[in-house]
Amino acid sequence: MSEQNTYILGTDQEELTRLLKDDFGLFQAYFNIDSYGHWEEENYVLIRDKSDEEIAEKFQMTVPELRA
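Residue numbers (the working numbering): 528 to 595.
And the structure:
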């Protein structure tokens with residue numbers, strides 16, 4: 528993993544769910560807040576491996592709606 532453009536989120540899923548409420552599922556899919564993005568303890572590397580088009584389709588929205 529490149530040091531450049533690597534972001535680590537030090538917040539657990541429970542806290543993210545509380546903060547993001549209904550948007551957590553979208554955030555989780557967008558940045559791989561799952562076993563793929565899990566780094567250590569409660570830390571996640573924010574990984575984008577899907578295009579905006581793929582995420583928008585999955586959540587039945589347009590790309591402009593996703594980016595808003």
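Just so it is clear, CB atoms sit at the ideal spot from N, CA and C, and this is done for glycine as well.
Being a predicted model, the structure only gives us computed values, none of them experimental.
The continuous stretches of beta strand (DSSP E) do not include residue 569, and DSSP gives it neither H nor E.
If you check the CB distance, residue 570 and residue 537 come in under 8 Å. Contact between residue 593 and residue 576 fails: their C-beta atoms lie close to 16 Å from each other, not under 8 Å. Rounded to whole angstroms, residue 590 and residue 568 show a C-alpha spacing of 33 Å. With respect to residue 561, residue 555 sits close: the two C-beta atoms are nearer than 8 Å.
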